[in-house]
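What follows is a set of notes on a single structure, which appears directly below.
There are 2 protein chains.
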Amino acid sequence: MSTSNQPVDQFMQAAIDEAQKGRDEGGIPIGSVLVHDGKIIGRGHNRRVQQGSAILHGEMDALENAGRQPARVYAQATLYTTLSPCPMCSGAILLYGIKQVIVGENQTFMGEEDLLTARGVEVHVLQNDVCVQMMSDFIEEQPTLWNEDIGV
Amino acid sequence: MSTSNQPVDQFMQAAIDEAQKGRDEGGIPIGSVLVHDGKIIGRGHNRRVQQGSAILHGEMDALENAGRQPARVYAQATLYTTLSPCPMCSGAILLYGIKQVIVGENQTFMGEEDLLTARGVEVHVLQNDVCVQMMSDFIEEQPTLWNEDIGV
Chain A
1 MSTSNQPVDQ FMQAAIDEAQ KGRDEGGIPI GSVLVHDGKI IGRGHNRRVQ
51 QGSAILHGEM DALENAGRQP ARVYAQATLY TTLSPCPMCS GAILLYGIKQ
101 VIVGENQTFM GEEDLLTARG VEVHVLQNDV CVQMMSDFIE EQPTLWNEDI
151 GV
Chain B
1 MSTSNQPVDQ FMQAAIDEAQ KGRDEGGIPI GSVLVHDGKI IGRGHNRRVQ
51 QGSAILHGEM DALENAGRQP ARVYAQATLY TTLSPCPMCS GAILLYGIKQ
101 VIVGENQTFM GEEDLLTARG VEVHVLQNDV CVQMMSDFIE EQPTLWNEDI
151 GV
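Line by line, the protein sequences are chains A and B. Using full-length UniProt numbering, read the first sequence as starting at 1 and increasing by one per residue. Using full-length UniProt numbering, read the second sequence as starting at 1 and increasing by one per residue.
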């Protein structure tokens, strides 16, 4: 878990692009992509505002957009997400046996990384400045909406 | 966790009705309702087959159909589900701080009841015959579909 000002790889960049798309839509700026065999098979961003959804967090949206997949695909997939995954999204990661998760940052919100690690999931936190800034700005601007999204 | 041949209450009956609706649609027979202040505020059933969904388990569908709710509603709500909740659905329960979960049965599938209990959620298992029979029949008929739904 080191801080980094390094350029992110194409997959984290795609997750950040998704988060920014969500923000542009007036939503919560969290994005995610599911990668298998070097390709993005699902992209998503938080849709609480846009669709009035209680379950479409960024990671869930990426999983949903990847469609029905066999267990062997999830087992070889990597999930990229701009923010530390909450209990629901972490549960989805465990359900499908996704073994690797790349997290943009866990500074503005700490999800269930310990549970994931305890269950054998490899979690890498980039502590990326762009991800931190997006969430910091959002939380400052819309604390009530943010609290709703994390059940507070 | 006692076995019961007793009639179920109106809320578990509503969850069973949802499960049977799912089965009638050619889907996976798991249903759920979210109850607040003595009223059902969200009903749902598994929609993997019907909507090609990877995330709409019965409980998730009920939460989604309940719409955006403030934390205080979830804190006073009870989730009824015909089957022991998987890691994803258990994660959603933890995210939203739902404090009570009534489970139709955990004989055909054991979800994350221990995790829920460890986090302070009250879990009651009815071991209801109708729920067990629905799932036993389904798993026997469509083992591949069932395995896909639980990431196996």
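Backbone N, C-alpha and C define an ideal beta-carbon position, used for all residues, glycine too.
Beta-carbon neighbours of residue i, restricted to chain A and to distances below 8 angstroms
i, result
"Val152/B", "Ala71"
"Met60/B", "Ile55"
Contact list for residue i against chain B, beta-carbon separation under 7 angstroms
i, result
"Pro87/A", "Gly91, Leu94 and Leu95"
Other residues of its chain near residue i: CB distance less than 8 angstroms, five sequence neighbours each side excluded
i, result
"Asp37/A", "Gln76"
"Ala54/A", "Arg48"
"Met60/B", "Gly44, Met88, Cys89 and Ala92"
"Thr108/B", "Leu83, Val132, Met135, Ser136 and Ile139"
"Val121/B", "Ile93, Leu94, Ile98, Lys99, Gln100 and Val101"
"Arg119/B", "Leu94"
"Leu56/B", "Gly44, Asn46, Arg47, Arg48 and Glu64"
Closer than 9 angstroms at the beta carbon, the chain A residues around residue i
i, result
"Tyr74/B", "Gly151"
6 angstroms Cβ shell around residue i - same chain, five flanking residues per side excluded
i, result
"Pro29/B", "Ala19, Gly22, Arg23, Met134 and Phe138"
"His124/B", "Ile102"
"Trp146/B", "Ile139"
"Met1/B", "Bear in mind that the predicted position of Met1/B carries a pLDDT of just 40, short of 50, making it too unreliable to give a figure here."
"Asn106/B", "Ser84 and Val125"
"residue 229/A", "No answer is possible for residue 229/A: the residues shown for chain A start at 1 and end at 152."
"Asp149/B", "Ile28 and Arg48"
"Gln69/A", "none"
"Thr78/A", "Val35 and Gln100"
"Gln142/A", "none"
Beta-carbon neighbours of residue i, restricted to chain A and to distances below 7 angstroms
i, result
"Ala77/B", "Per Cβ cutoff of 7 angstroms: no residues; Ala77/B is ~12 angstroms from chain A at best."
"Arg68/B", "Arg48, Gly52, Ala54 and Glu148"
"Leu63/B", "Ala54 and Ile55"
CB contact check: residue i to chain C, cutoff 8 angstroms
i, result
"Glu105/B", "Among the protein chains of the structure shown, namely A and B, there is no chain C."
CB-CB length for residue i against residue j, believed under 8 angstroms
i, j, result
"Val8/A", "Leu126/A", "7 angstroms"
"Ala71/A", "Gly151/B", "5 angstroms"
Beta-carbon proximity list for residue i, same chain, < 7 angstroms, skipping 5 on both sides
i, result
"Val130/B", "Ile16"
"Thr117/A", "Val123"
"Leu63/A", "Leu34, Gly42 and Ala92"
"Thr3/A", "Because the pLDDT of Thr3/A is 47, which lies under 50, any placement of that residue in the model is unreliable, and the question is left without a value."
"Gln10/B", "none"
"Glu25/B", "Gln50"
Contact check, residue i vs residue j, beta carbons under 8 angstroms
i, j, result
"Ser32/B", "Gly67/B", "no"
"Ile98/B", "Tyr74/B", "yes"
"residue 218/B", "Tyr80/B", "Residue 218/B lies beyond the range of chain B shown here (1 to 152); nothing can be said about it."
_the region 104 to 113 of chain B in contact with the region 43 to 57 of chain B per 3-pair CB rule at 8 angstroms_ = no
*Three or more C-beta pairs closer than 8 angstroms, one from the region 87 to 102 of chain B and one from the region 100 to 107 of chain A: is that the case here?*
no
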